[in-house]
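Student: Structure incoming, see below.
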Amino acid sequence: MEAAEQIAVVWKQVRGPVIAPLLRASVMVCLAMCVILFVEKVYMAVVIVAMRLIGRRPERQWRWEPLRNDDPELGNAAYPMVLVQIPMYNEREVYKKSIGAACGLSWPSDRIVIQVLDDSTDPAIKELVQAECHRWANKGVNIKYEIRDNRRGYKAGALKEGMKHGYVKDCDYVVIFDADFQPEPDYLSRAMPFLVHNPEIALVQARWVFVNANECLMTRMQEMSLDYHFKVEQEVGSSAYAFFGFNGTAGVWRISALNEAGGWKDRTTVEDMDLAVRASLKGWKFVYLGDLRVKSELPSTFKAFRYQQHRWSCGPANLFRKMLMEIVKNQKVTLWKKIYVIYNFFLVRKIIGHILTSVFYCLVIPATVFVPEVEIPRWGYFYIPTVITLLNAVGTPRSFHLVIFWVLFENVMSLHRTKATFSGLLELGRVNEWVVTEKLGDILKMKVQSKVTKKLRMRIRERLQLLELGVAAYIFFCGSYDLLFGKRYYYVFLFMQSIAFFVVGVGFVGTLVPN
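Its first residue numbered 1, the sequence shown is counted upward by one per residue in the UniProt record's numbering.
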């Protein structure tokens, strides 16, 4: 008891002059970031509403006419030569679907080349992919199976190597589909007219939709986040600035623009965003088509999702570090576009958003229960976050009832995103780590249908996430203290958040894959 009393006395002596000012400063910084993020979300909402009211669609903003072959003497010359690249790495579960969908594109057969870039390290999978390519080649499809003797540069390296083949010189445009993407047959007929009729356009990006969104609660949460990205962030960038981040797949590039921008580079884990920023700085414009949808697969295991989020958070921060001065000094784009790219695109969405969520909601707010001298205004911890959450949730109306789960899960993931963001900004540790996102395809359906005994692949120690369990214990302790001694009712949120961290910490999130 004496030791406890001594600790209490020391805490009271330190709390006022030392802890309280530091915590108060942290609160002020977090509130400032909260306001910045709030303004950004409201701004984008206003732009989206304005676009809807004035009916500003890409077909009205840019020249668009269907491509026709009206002159029989010209044959199919009215259709440009298109290269379709499909980068792969040990994609046993999905390679057939992606190759089949690409080969099924409605485009003159003598004006398209399908290029499968197989970096697989598993010889058995290589044989399967090569056999599938030969099967389509026997049907008359112009398909090329390309391999290399190393994985240097990962996806960027494979795409760059693919552009060096002689037959690519005849192509004017290149389409990229990741191994789990399945375009509809009319994809090219809807996207290509924007590029053909508007020489200033470098990129046409389609929207992703997800074939496994209903697989588990984690995939529903991902769908909510990505729907907001595509329905709001990409729409705003395209409509207002003709710039947005290329999503790395389901997009068509003008090859001359790609080459002018310097081609593919592997200096970060977001080679797609890197190319988009460089092309934009050359004065090229981008178009996003929200009604052109391409089916894809969400990572349904937590391990795969965590690796993906590390790459998506670390890469942009690292690219921002590398390109900031290049953007500032650029003379080809307007000042407003520079401000948008630096402030809105990078600083607010790729850095502040991650840091605010983890620091404010998972560290600072829980800590204030021990320091009654520090008050957080209600607008800072409730009103503004509520508005931001609602603006995010409108992108997926069917999941609106899951918004509380989404908030708690996003707070958990913000911890990983913040770590990755600082790794990118400071170029620490895993800054260039590239782990290919695992795709499961129909493997789970087949396992269930054949009634195979489900023996979990992950051992207990592999499922445990010690960082999440540590944060869960910290937040639970803060919530308990607030319940017993506090007067702010933070414990309602804190207990819910600690449970979310605990559930993730013990591995009960996402799909558990049977052997």
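A virtual CB, placed ideally from N, CA and C, is assigned to each residue, including glycine. These numbers come from a predicted model, not from an experiment.
Rounded to whole angstroms, what is the Cα-Cα separation between R349 and A3?
Tutor: When rounded, the distance between both Cα atoms is 47 Å.
Student: Is the segment 107-124 in contact with the segment 225-240, if contact means three or more CB pairs nearer than 8 Å?
Tutor: Too few Cβ pairs lie closer than 8 Å, so no.
Student: For the pair the segment 494-514 and the segment 411-420, tell me if three or more CB-CB distances fall below 8 Å.
Tutor: Result yes; three or more Cβ-Cβ pairs closer than 8 Å.
Student: Taking only runs that begin and end inside the segment 17-85, name each unbroken alpha helix (DSSP H) of 4 or more residues, in chain order.
Tutor: Those alpha helix (DSSP H) runs which fall completely within the segment 17-85 and span 4+ residues are 20-54, 58-61.
Student: Should L335 go down as buried or exposed, given a rule of 16 or more other Cβ atoms within 10 Å for buried?
Tutor: Exposed, by the Cβ-count rule.
Student: Using a threshold of 6 Å, is the CB atom of Y307 nearer than that to any non-hydrogen atom of the ligand FAD?
Tutor: Because no ligand of any kind appears in the structure shown, any question about the ligand FAD cannot be addressed here.
Student: Could you please give the first and the last residue of the uninterrupted alpha helix (DSSP H) stretch that includes A101?
Tutor: Segment 95-103, the alpha helix (DSSP H) holding A101.
Student: Hey, how far is the Cα of R488 from the Cα of L356?
Tutor: Approximately 21 Å, taken between the alpha carbons.
Student: Under 7 Å, do R207 and G153 count as touching if we go by C-beta distance?
Tutor: Going by C-beta atoms, R207 is not nearer than 7 Å to G153.
Student: Going by alpha carbons, who is nearest to Y383 out of K12, V14, C34?
Tutor: The option with the nearest alpha carbon to Y383 is C34.
Student: What are the boundary residues of the beta strand (DSSP E) that includes E146?
Tutor: Looking at the DSSP string, the run of the beta strand (DSSP E) that includes E146 is 143-146.
Student: Apart from the five residues on each side of it in sequence, which residues of its chain come closer than 6 Å, Cβ to Cβ, to N318?
Tutor: Excluding residues within five positions, the ones whose Cβ falls inside 6 Å are T268, G424, V431.
Student: Output the boundary residues of the alpha helix (DSSP H) element that contains V328.
Tutor: Here the alpha helix (DSSP H) through V328 covers 302-329.
Student: Should E375 be labelled buried (16 or more other beta-carbon atoms within 10 Å of its own) or exposed?
Tutor: It counts as exposed.
Student: With burial defined as no fewer than 16 other Cβ atoms inside 10 Å of the residue's Cβ, what is the status of A32: buried or exposed?
Tutor: Counting Cβ neighbours within 10 Å, A32 comes out exposed, since fewer than 16 surround it.
Student: Any contact of the segment 390-400 with the segment 264-284, i.e. 3+ C-beta pairs under 8 Å?
Tutor: Contact between the segment 390-400 and the segment 264-284 is absent, because fewer than three Cβ pairs lie under 8 Å.
Student: Please state if the CB of I86 and the CB of V174 are separated by a distance shorter than 7 Å.
Tutor: Not closer than 7 Å, so no.
Student: Report buried or exposed for Q205, applying the criterion of at least 16 other Cβ atoms within 10 angstroms of its Cβ.
Tutor: It is buried - the Cβ of Q205 has at least 16 other Cβ atoms within 10 Å.
Student: According to DSSP, simplified to helix, strand and coil, what is G262?
Tutor: In this structure, G262 counts as coil in the three-state DSSP scheme.
Student: If we count the other Cβ atoms within 10 Å of its Cβ and call it buried at 16 or more, is residue 544 buried or exposed?
Tutor: Lying before the first or after the last residue shown, residue 544 is absent from the chain, which here runs from 1 to 515.
Student: I need the boundaries of the alpha helix (DSSP H) containing A240, first residue and last residue.
Tutor: Where A240 is concerned, there is no enclosing alpha helix (DSSP H), given that its DSSP letter is neither H nor E.
Student: Is the CB-CB distance between D15 and V394 below 7 Å?
Tutor: Position check: residue 15 holds Arg in this sequence, whereas Asp was assumed. Cβ distance not < 7 Å, so R15 and V394 don't count as in contact.
Student: Please list, in chain order, all residues of the same chain as R151 whose beta carbon is under 6 Å from its beta carbon, the five residues on each side excluded.
Tutor: Cβ neighbours of R151 beyond the five flanking positions: D119.
Student: Could you tell me which residues DSSP puts in a beta bridge with A206?
Tutor: According to DSSP, which records beta bridges pairwise, A206 is partnered with L289.
Student: For W253, which residues does DSSP report across the bridge?
Tutor: According to DSSP, which records beta bridges pairwise, W253 is partnered with V174, L203.
Student: Once DSSP output is grouped into helix, strand and coil, what is the label at Q497?
Tutor: Here Q497 sits in helix by DSSP.
Student: Return helix, strand or coil for I112, following the three-state DSSP convention.
Tutor: It is a strand residue.
Student: When the Cα atoms are used, what is the spatial distance from W264 to L159?
Tutor: About 7 Å.
Student: What whole-angstrom Cβ distance do F360 and C30 have, given they're in contact under 8 Å?
Tutor: Indeed they touch by this definition, with Cβ atoms about 4 Å apart.
Student: What separation, rounded to the nearest whole angstrom, lies between the Cα atoms of L426 and R321?
Tutor: The straight-line gap from Cα to Cα measures roughly 8 Å.
Student: Taking only the alpha-carbon atoms, compute the straight-line gap between K419 and S313 and give it to the nearest angstrom.
Tutor: Computed Cα separation, rounded: 9 Å.
Student: Since G505 sits in a beta bridge, which residues does DSSP pair it with?
Tutor: Paired residue(s): none; G505 is not in a bridge.
Student: Can you give the beta carbon distance from P108 to N76, rounded, assuming they're within the 8 Å contact cut?
Tutor: About 4 Å separates the two Cβ atoms, so the contact holds.
Student: Beta-carbon within less than 6 Å of E260's beta-carbon, same chain only, minus the 5 sequence neighbours each way: which residues are those?
Tutor: So the qualifying residues of the chain are K282.
Student: Using 7 Å as the threshold, is the C-beta distance between residue 530 and S238 below it?
Tutor: Nothing can be reported for residue 530: it is not among the residues displayed for the chain, which extend from 1 to 515.
Student: Taking the alpha carbon of P377 as the reference point, which residue from L428, P299, A101, Y490 has its own alpha carbon closest?
Tutor: It is Y490 whose Cα lies nearest to the Cα of P377.
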